[in-house]
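What follows is one structure encoded as structure tokens, with my remarks underneath.
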Amino acid sequence: MKILIVEDEKELLEAISASLIKEHFIIETAADYPTALEKIIVYDYDCILLDIMLPGGSGLHLLEQLKDSGKSENVIIISAKDSLDDKLAGLELGADDYLTKPFHIAELNARVKAVLRRKKLAGKNTIETTNIVLDLQERQLFVSGELVVLNRKEFDVLNYFLLNMNRLITKSSLAEHVWGDNIDQADNFDFIYYQIKNLRKKLHAVHAAIEVESVYGVGYKMVEK
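To convert a position in the sequence shown, counted from 1, into the numbering used here, add 810.
Spelled out as structure tokens, the structure:
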């Protein structure tokens, strides 16, 4: 998936880029209004991180351009301005979210993933692939119509894998997803190993047409059998 970062603070731009690249996103950047305008006119992006205060123009004007082009969905405004008027203006122009500087990069990553998740699901409450149906509202897994009981973390792990089918998931990103804000309290990733081990057993037992592959030293990948 391709993300455009529109940000004029060099250090912040580099930090955001590096973090999202680790998550295996394709990243493009723009540090001023004219460059950003050219890119949003020519290219399509899965998500745009948009600063309001830019050299050469306003991020809100870029958002107007996106709205006129039917591309204003999947935009997250990132700005030092915490004015309610700016926030409302951005949301009215079609932005999905608003994050005020300073913020933690992990929080921004979570917001990006949430926006992309909503886009991928297109408002549906289920994820369906092969003989798998994952009911997000009831938090239930069905394989070939049979209910498979998962604990909370097994469900969250499977959900994350299904949203990222065939993509490499690093141990650190999976740990952050499962462990959340308490990841710093974990001494190692053993808890991830046990969740994966149990999930594999349950999927194998009901002949699920998907499986979790290990990528040695890096992480995991969910693939069709």
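Note that the Cβ used here is the ideal one computed from N, Cα and C, for glycine as well.
Quantities reported herein were computed from a predicted structural model and do not represent experimental measurements.
Which word fits residue i, buried or exposed, when buried means at least 16 other C-beta atoms lie within 10 angstroms of its C-beta?
i, result
"residue 964", "buried"
"residue 847", "buried"
"residue 816", "buried"
"residue 1023", "exposed"
"residue 991", "With a pLDDT of only 45 at residue 991, under 50, the local geometry of the prediction cannot be trusted, and the value read off the model is given with reservation. Result: exposed."
"residue 889", "buried"
"residue 916", "exposed"
"residue 830", "buried"
"residue 880", "exposed"
"residue 1003", "exposed"
"residue 938", "exposed"
"residue 953", "buried"
"residue 949", "exposed"
Determine the contact status of residue i and residue j, defining contact as a CB-CB distance below 8 Å.
i, j, result
"residue 886", "residue 854", "no"
"residue 979", "residue 1029", "yes"
"residue 840", "residue 814", "yes"
"residue 1034", "residue 940", "yes"
"residue 827", "residue 837", "yes"
"residue 977", "residue 923", "no"
"residue 926", "residue 1000", "no"
"residue 960", "residue 951", "yes"
"residue 818", "residue 878", "no"
"residue 958", "residue 1012", "yes"
"residue 812", "residue 884", "no"
"residue 1009", "residue 972", "no"
"residue 833", "residue 919", "yes"
"residue 1006", "residue 967", "yes"
"residue 900", "residue 864", "no"
Bridge partners of residue i, per DSSP?
i, result
"residue 908", "887"
"residue 814", "838 and 858"
"residue 957", "952"
For this session: Quick one: which unbroken alpha helix (DSSP H) runs of 4-plus residues sit fully inside the segment 827-859? Chain order, please.
Result: 843-852
Exercise. Could you tell me whether the segment 822-835 touches the segment 909-926, using the rule of 3 or more Cβ pairs below 8 Å?
Key: yes
- Quick one: any contact between the segment 1009-1021 and the segment 862-882, if contact means 3 or more CB pairs under 8 Å? no
Would you list, in sequence order, the uninterrupted beta strand (DSSP E) runs of no fewer than 3 residues that lie entirely inside the segment 909-952? 936-939 and 942-945
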